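In mature numbering (1 follows the signal peptide of the UniProt record, and there is no 0), the protein residues as written are -19 to -1, 1 to 747. The beta carbon of each residue, even a glycine, is placed where N, CA and C say it ideally should be. Note that the structure is predicted; figures quoted are calculated from it, not measured. What follows is a short report on a single structure.
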Amino acid sequence: MKKLILCLSFITFSFVCSAQKVGLVLSGGGAKGLAHIGVLKALEENNIPIDYITGTSMGGVVGAMYAAGYSPKEIEYIALSSDFQDWVSGKYDSDYSYFFQKKPENPSFVTAKLQIDTSFYIKFRSNLINDIPLNFALIELLAQASANAKDNFDQLFIPYRCIVSDVLSQTMIPMKNGNLAEAVRGTFTVPLVYRPIKVNDKYVFDGGLYDNFPVDVMKTEFAPDIIIGSNVSSKNFNTYPKSNDEKLMSKFLIYLFLSKSDSTSLGENGIYIQPNLQDYNIINFSPVKELIKQGYDATILELSKIEEKIKRRVDPLTVSNKRKAFIDKNPYLTFKNIKVSGVDDRKKAYVRNVFSYGKTELNLKDIKEGYYKLLGDDNFETVYPRFNYLPAENAYEFELIVQPEKNFKINFGGSIASRPVSNAYIGLQYNFLSKNSYTVGANFYSGRFHESVQGTFRIDIPKKKPFYVESEFTYNNWNYFESSEIFLENNKPVFIKQFDRKLALKTGLSTGRNSKIELIAGYIHTGNTYSPTDNFTTGDILDQSIFEGLILGMYYERYQLNRKQYASKGYMLSIGLTHFEGIEEYEPGNILRNDPSYPSIQPSEKFRQWYRVKIKSEKYFPLGPKFSLGYLFEGVFSNKPIFSTFKNNLLNTTAFYPLQDSKTLFLENLRADNFLAGGLRNVFNIKKNFDLRLEAYLFQPYKTNNQQNQTGTYFAKRRFIGNGALVYHTPIGPVGLNFNYYDDQAKRFGVFFHIGYLIYNKRATE
């Protein structure tokens, strides 16, 4: 009888253990939610079963990855990748950005995007982070599992629920079916940070608004025997913010989502895990490894309690086989159709042309290239991608849900400098989409040194090899008078004013993701007012010269630098062939006429024509986590004739601009019609966004002219340029303190400090 009772007890215990179901609840908490990955690692390593998952916000993301068949190690690998940082920060993957669509660099640091409709209603963009890379990443990671489960979250590798908030009805919605990627995107949508997404015909936000620790959903949806709850949000605030604490307002979203979590809601059969995350920030996604470790360590501390309450174990091989069996049923990512919704037929035709590769089937690489190529057009910043599975064809349809884009941009920028070269910048851009994409742009520079107005009209035509046609008008005015103040030596003043105008027609053709060829034809008009010598007194009449003519040019460019100024990664290559022809007019003032050394100075008008080949290359090589070695090379080869006077000829030669402030100085010794120049750039990363730069260059002209405008010695008078700089990169541009050396008789040692970008419209002859 005792043996019978013992046998029945053992059978009953075995049945209870085998039937014991375990649910895992993952709270929201922003970046702190990465600790959930460590929780999953610890549970799986110790053979603890996970039968159901519910999650909110970042907990919903991690939970969805696990439910879709990713192992904890795979989730950790993805979170540690640079791609993940790009997704959460809104950065584009540069390998899929098309340089030919990139507009010329400008000194802007703030952009206001507005939408102007037919009733002239204006509205501003409401989100802080660009969600484009995040949207595509989620469907790339989760679409196959969703198709495998037929959009039923109970049929995933692990049955799953995530929480979203319908703000209009002020309710919490547990997502149990539909598009898995969109459900996860919804649970992660922090108001004002990411744009809301429409899920099941409702606009939803982060589930943490109403249920940041969804134990109740776990109980009602799955009713497991044991619930493990991992909470990474603060149970309460240790320090109440002061009434005058301005940080309170700047971080109000953090306080909104760090809702009080009730550990008692787990019940008697619950196991509560609270990683120690007091030293971590809810918006800082950088310390991924440390956050994962905190989740892992917190789970190991509770392991004895977990093993006491959960008697059932799962064999690692069984879990691995079950995961593989699920993944093997994922439909392969082959696309047989492009669907566009939200726009009219002409715009749909434009989108389809972007994807017209001449193939009956497209793979993921084709789709990704076309998607980012499309988003390079300013008309398509707001595009939601979707993979729709077509069971009958065992393939996918790529759907693009296009919302009306903010078609008007206002850019604000400029710089503040220690010399009188500070300026303000405003850029305007209006986009219009039909069968082709149209962009109308204008910009304005205002400053003591540089004033400029530019207008452009561009048409982008989508083809397999996309190209554009653009017209441009530019007016520049440059004033070098006293622009070289604050040098460490007494300097002779520079009396030079220049202006130029350009009216041109350009066409550009993509030759790869990061390269293009551009052809240009146009009219140019340049003028110089200057003192032909270093001597100038009040009442003197300055010399004047004008060149008016035509240019024809062909340029090849490759570009993938990481910054507009003070780059430390990437490369650029520019090769240009330009033909100039026109009339040079020279009108002398009274300075040379009163000098007996120049008895034959007279007004003149001469026809000039010449060719110029210019090559410029810049590249950086990472030689360690904190050091990059770069180089700059530039070569100019030209048959330009000698202009009427020495100074006039000098003003129309090509200049070498190696340092950040070089364009703000008139350096006679760094100008020549033919030269080779180059040097090394050492970039030491002292701290995040803070660099030390040490640079050195040589400038070797092929030949120079003397004061009598006669050709001098070949390959003589090479010049040295040096620079040491401390640079801090801020959201409004670099803050740079430069110590410069120029091998120039007027300006040698100098200190230059600036805040913002020193970027100008190109000259007519550039």
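| query | result |
| --- | --- |
| Under 7 Å Cβ to Cβ from F101, same chain only, skipping five residues before and after it: list those, please. | The predicted position of F101 is uncertain, since its pLDDT is 45 and thus under 50; no value can be drawn from it. |
| Using the Cβ count rule (16 or more neighbours within 10 Å means buried), how would you classify A128? | buried |
| Between which two residues does the alpha helix (DSSP H) carrying R166 extend? | L161 to T168 |
| Residues in its own chain within less than 6 Å of F336 by CB, not counting five upstream and five downstream? | I319 and G351 |
| May I have the straight-line CA-CA distance separating D488 from N334, to the nearest angstrom? | Position check: residue 488 holds Thr in this sequence, whereas Asp was assumed. Roughly 19 Å between the two C-alpha positions. |
| Going by DSSP in three states, N404 sits in which element: helix, strand or coil? | strand |
| Mind checking which residues open and close the beta strand (DSSP E) that includes P603? | S585 to G605 |
| Suppose you measure from the CA of Q546 to the CA of G605; what does that come to, to the nearest Å? | 21 Å |
| Taking only runs that begin and end inside the region 3 to 66, name each unbroken alpha helix (DSSP H) of 4 or more residues, in chain order. | 16 to 26, 39 to 48 and 53 to 61 |
| Checking 9 Å against the spacing of the C-beta atoms, do N495 and Y540 come in under that value? | yes |
| Kindly indicate the opening and closing residues of the beta strand (DSSP E) around E676. | F671 to P682 |
| Beta strand (DSSP E) containing N318: first to last residue? | T315 to S322 |
| Would you decide whether V91 is buried or exposed? Buried here means 16 or more other CB atoms lie within 10 Å of its CB. | exposed |
| Candidates T420, R429 and F413: which alpha carbon is nearest G395's? | R429 |
| Identify the continuous beta strand (DSSP E) that holds T455 and give its terminal residues. | F448 to N460 |
| Grab me the residues of N412's own chain with a C-beta within less than 6 Å of its C-beta, minus the 5 sequence neighbours each way, in chain order. | D359, N360, N388 and T420 |
| What does the alpha-carbon distance come out to for the pair A45 and K54? | 15 Å |
| So, for D226: in the same chain, excluding its five sequence neighbours on each side, which residues have a beta-carbon less than 7 Å away from its beta-carbon? | In this predicted model, D226 has a pLDDT of only 46, less than 50, meaning its place in the structure is not dependable; the value taken from the coordinates is given anyway. Cβ within range, chain order: n/a, list empty. |
| Using only CA atoms, which one of G563, L355 and K290 lies nearest to F624? | G563 |
| Taking the beta carbon of A485 as the centre, do at least 16 other beta carbons fall within 10 Å, making it buried, or is it exposed? | buried |
| From P584 to R544, what does the alpha carbon distance come to, in whole angstroms? | 47 Å |
| Going by C-alpha to C-alpha distance, which of D325, P114 and I391 sits closest to L409? | I391 |
| I'd like the span of the beta strand (DSSP E) that includes N257, first residue to last. | Counting along the chain, N257 falls outside any beta strand (DSSP E), and DSSP gives it neither H nor E. |
| Are the region 30 to 43 and the region 139 to 150 in contact at 8 Å, needing three or more beta carbon pairs? | yes |
| I'd like to confirm something about A706: is its beta-carbon nearer than 8 Å to some heavy atom of the ligand NAD, or not? | Because no ligand of any kind appears in the structure shown, any question about the ligand NAD cannot be addressed here. |
| From the DSSP output, read off the bridge partner residues of G210. | V6 and Y253 |
| Could you give the first and the last residue of the continuous beta strand (DSSP E) run that contains residue 769? | In the structure displayed, the chain extends from -19 to 747; residue 769 sits before or after that span and is not available. |
| Who pairs with N111 in a beta bridge, going by DSSP? | Beta-bridge pairing links N111 to no other residue. |
| For the beta strand (DSSP E) that I440 lies in, which residues bound it at each end? | H431 to I442 |
| CA-CA distance, Y47 and F608? | 38 Å |
| If we call anything under 9 Å between Cβ atoms a contact, is Y741 one with S433? | yes |
| Inspect the beta-carbon positions of P603 and K550 and report whether they are closer than 9 Å. | yes |
| How many Å lie between F588 and K621 at the Cα? | 12 Å |
| For a minimum of 3 consecutive residues, which ranges assigned as the beta strand (DSSP E) are wholly contained in the region 171 to 205? | 178 to 180 and 183 to 187 |
| By DSSP, does S512 sit in helix, in strand, or in coil? | coil |
| What's the gap between the Cα of F307 and the Cα of Y426? | 60 Å |
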